[in-house]
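This report refers to the structure that appears directly beneath it.
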Amino acid sequence: MADSTTYYDHDSLFSLSQETIVHDSERKGDTAQKDTPFEEGEDLVPKKARRNDRLLPFVLVLIGVFLSLFAVALDYSSTGITMLYIGSYFKDASQAGSASALFILTSTTFQPMFGSLANIIGRKLTILSALTIFVIFGLLCSASTSMPFLIASRAFQGIGAGGVISLAYILIADLFPPHKRGCFQSILSAAWGIASVAGPLISGSLIDVGLWRHTFYVLSAMALLAGLLLALFLKTSEKKDTPLEVKDIERQHTSLAPTAAEGDLQKTTAETAAPPRSKKSFVQQLVRFDHIGTLLLCVASGSIVLALQWGSASASIGALFTWRSPLIISMLVGGVVFVGIFIVYEKRFRYQPVVPLGLFCQRNPSLVLLCHLSYGLAVFGMHFYLPMYFQVVKGHTAVQAGLDMIPDQLAGPVCYAITSVITTRTGYIRLFVYIGFALMAVGGGLLTLFDSSTPILQQVIALLLTGGPAGLIVENSMIIGQSTVQHASEVATATALCNFFRSLGGAFSIAIYSVIINHTMDAGLAGIDARYGYGIANHVQRDILAITRFPSGSQLKSELQQLYTSAIHHTSLMVICMSAFGFFVACFIGPVRLRRGEPHLEHKEENLSTTKSRLQTPPATAIAAASAARKAVVEEGDEKK
């Protein structure tokens with residue numbers, strides 16, 4: 001039988017590598033009978049069929065990631081309208097704000113935990129666990145019979161929401177190299193953009209017909225479908241940090257199979273360079289997790305955020321304590337103390353810290369985290385209170401207020417879709433972060449001109465300038481952080497920390513905006529109550545929407561609308577200040593250019609570690625291995641002769 005040599009035909013991105021066996025005798029024109037029933041050059045499976053077999057599961061995984069984040073985004077966008085109605089339904093509207101605050105708090109606090117957990121037990125199991133938590137407690141929310149039961153269910157549902165947010169971005173970072181990551185990460189940006197428009201419309205439509213429980217049914221069903229797609233089609237490799245798709249793609253770009261001598265040399269070198277790593281059991285992996293660090297982070301951030309929520313809110317959204325309350329003071333001081341304890345503990349934790357402090361010693365990742373924090377401080381409170389402005393000052397319904405916010409919500413995904421194409425072709429990305437913060441500051445300035453007679457064109461321009469920077473800042477700065485971390489294992493944690501700092505800034509933003517609005521309203525209502533009496537101040541403080549029920553065209557209603565407009569103007573200064581701070585921080589980000597064909601950070605580390613292991617191999621061992629391999633080849637040749 002003639003000798004045969006195996007050649008590897010590496011197909012396109014979504015195809016599997018196949019082996020095509022070509023006999024040397026056939027290449028030389030030998031007419032001997034073939035050992036295979038297939039014709040020369042014929043593949044067992046056509047290339048197009050192989051490509052389609054690989055493409056369909058890959059697309060279904062992307063759909064699963066999109067649906068999972070879309071369900072959470074719908075929850076975020078509709079929580080204000082839904083919680084206020086449910087609070088009134090249970091005759092306990094003062095606690096509606098607490099339900100939303102705890103949901104944001106838990107989703108914010110547990111995002112870093114899921115980022116670290118993904119490195120221990122794998123991406124697939126982590127995102128499926130997060131979706132399970134989101135679905136179970138979403139169904140419990142729909143079955144709530146009292147406000148305390150709903151608040152507790154929302155708090156636990158926020159844990160799952162935080163995990164879904166982190167893992168969605170982590171999976172995109174794993175599946176694509178940096179220069180292509182932007183285009184596919186725009187899918188996640190589109191999920192937020194579409195949900196910001198669809199959320200208020202869906203929840204508002206269901207609430208108008210008295211079916212508020214069906215809001216949670218819709219979200220749970222969507223998350224369940226996403227979980228099924230990911231469970232069936234997301235394949236992961238033995239390495240916890242790398243999905244199977246990436247592993248296959250990297251294998252396609254490797255060289256041909258090594259010869260016998262090269263294989264023996266590589267095997268001997270690898271055995272002498274480093275012993276094989278023992279596989280840890282699931283329990284051992286969980287022991288490595290930073291449980292104490294997670295608890296300290298929850299207590300620290302929870303104390304500060306809840307203190308701001310409870311102490312800064314007025315009676316209209318559920319104030320529980322005053323700023324001078326011993327409980328509020330204790331929570332603020334205790335939160336700061338626990339932050340210090342958390343930093344000290346994380347610095348000494350040697351296994352898998354939930355927040356690796358080494359990231360803050362790296363220039364670009366640390367600056368990116370500050371950019372996300374400043375962005376959250378600038379826009380979250382604005383998005384929370386602007387719909388109220390359209391209802392109180394403009395006299396619109398809740399659904400109409402959601403439609404008014406469409407320019408703000410759609411501008412971000414559109415801007416990111418454009419910049420992602422530019423980044424993919426040119427590699428330039430840092431400039432868009434500068435432009436985003438500059439435009440957001442201009443948009444904040446236009447918000448100070450809003451009143452009851454603001455033209456629709458001016459309103460749309462202002463919202464475009466405040467919403468568009470979301471597509472310029474959030475994803476682009478996150479890609480900068482992912483691409484400049486020193487180790488591949490830090491990509492997931494850096495991604496989770498970006499989401500964590502942005503959401504944490506958003507929680508503080510809502511509290512700070514609340515302080516500004518309440519202070520402005522209290523000062524103005526004191527004068528109005530003195531002139532008109534009738535306990536108007538107390539009535540408006542308990543229910544800000546009561547302004548819309550005063551007689552149209554009355555002097556009292558006009559003064560109340562002007563007062564709330566003045567409060568919105570004061571909050572717009574927050575947008576300007578935080579945008580300026582973010583621009584200042586972004587100016588110190590180091591040069592970053594993503595080039596086409598740039599390998600994964602994981603691939604770079606593997607090449608670097610392989611090179612180091614070869615360099616560290618003792619010379620005597622390497623020479624002996626090479627001599628033995630050469631001798632074996634010579635002996636094999638002599639036998640054939």
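The sequence shown lines up with residues 1 to 641 when you count with the numbering used here. We treat Cβ as the ideally placed atom computed from N, Cα and C, and that holds for glycine.
Kindly examine the ligand ZN and report whether one of its heavy atoms sits closer than 7 Å to the Cβ of residue i.
| i | result |
| --- | --- |
| I461 | This structure lacks the ligand ZN, and indeed carries no ligand of any kind. |
Please check the pair residue i and residue j, which I expect to be a contact at CB under 8 Å, by giving their CB distance rounded to whole angstroms.
| i | j | result |
| --- | --- | --- |
| V305 | Q561 | Incorrect: roughly 31 Å between the Cβ atoms, too far for contact. |
| G444 | S572 | 5 Å |
| Y389 | V474 | About 24 Å; that fails the 8 Å criterion. |
| L472 | C415 | 5 Å |
| L431 | L446 | Not confirmed; about 23 Å, so no contact. |
| S116 | T493 | 6 Å |
| F342 | L296 | 4 Å |
| I207 | Y85 | 5 Å |
Grab me the residues of residue i's own chain with a C-beta within less than 6 Å of its C-beta, minus the 5 sequence neighbours each way, in chain order.
| i | result |
| --- | --- |
| I104 | A507 |
| L504 | T108 |
| A470 | G412 |
| A378 | V575, M578, S579 |
| W323 | G311 |
| S203 | S78, I81, T82, T215 |
| A523 | none |
If I measure Cβ to Cβ from residue i and keep anything under 8 Å in the same chain, skipping five residues before and after, which residues do I get?
| i | result |
| --- | --- |
| L230 | V61, G64, V65, S68, K124, I127, L128, L131 |
| S366 | L359, F360 |
| I547 | V392, V540, K557, L560, Q561, Y564 |
| I512 | L308, S312, L377, G381, M574 |
When DSSP labels each residue in this structure, what does residue i get in the three-state scheme?
| i | result |
| --- | --- |
| D35 | Residue confidence for D35 is low, a pLDDT of 44 falling below 50, so the modelled location carries little weight; the figure read from the coordinates is stated next. Note: D35 maps to coil in three-state DSSP. |
| S509 | helix |
| V65 | helix |
| D75 | helix |
| S554 | coil |
| W323 | coil |
| A530 | helix |
| S203 | helix |
| I461 | helix |
| L545 | helix |
| D451 | coil |
| K235 | coil |
| Q157 | helix |
| F588 | coil |
| W212 | coil |
| V337 | helix |
| D174 | helix |
| F360 | helix |
| A198 | helix |
| P57 | helix |
| S146 | coil |
| P365 | helix |
| F90 | coil |
| G535 | coil |
| V355 | coil |
Cutting at 7 Å between CB atoms, please list the residues of its own chain near residue i, excluding the five before and the five after it.
| i | result |
| --- | --- |
| D529 | I536, A537 |
| D75 | A161, L219 |
| G302 | L105, T109 |
| G334 | S303 |
| I510 | F380, G381, F384 |
| R213 | S142 |
| A401 | P387, F390, Q391 |
| L188 | L69, A168, Y169, I172 |
| L327 | F321 |
| I151 | Q95, S98, A99, L102 |
| C647 | Only positions 1 to 641 of the chain appear in this structure, which leaves residue 647 out of reach. |
| G395 | T548 |
Against chain C, does residue i count as a neighbour if the rule is that its beta carbon must be under 8 Å from one of theirs?
| i | result |
| --- | --- |
| V337 | In the displayed structure, chain C is absent; only one protein chain is listed. |
Query raised in the report: At a cut of 8 Å, does the stretch 129 to 140 reach the stretch 151 to 159 through at least three beta carbon pairs?
Result: yes
**Report entry** Complete runs of the alpha helix (DSSP H) confined to the stretch 95 to 130 [at least 4 residues]
**Finding:** 96 to 109, 111 to 121
**Report entry** Every unbroken alpha helix (DSSP H) within the stretch 379 to 438, with a cutoff of 4 residues, ordered by chain
**Finding:** 398 to 404, 406 to 426
Query raised in the report: Three or more C-beta pairs closer than 8 Å, one from the stretch 478 to 486 and one from the stretch 366 to 373: is that the case here?
Result: yes
Query - Touch test, the stretch 581 to 591 against the stretch 430 to 445, Cβ-Cβ under 8 Å, three pairs minimum - result: yes
**Report entry** Length-filtered (4 minimum) alpha helix (DSSP H) runs lying within the stretch 469 to 522
**Finding:** 469 to 484
Query raised in the report: Do the stretch 395 to 409 and the stretch 459 to 478 make contact, defined as three or more Cβ pairs closer than 8 Å?
Result: yes
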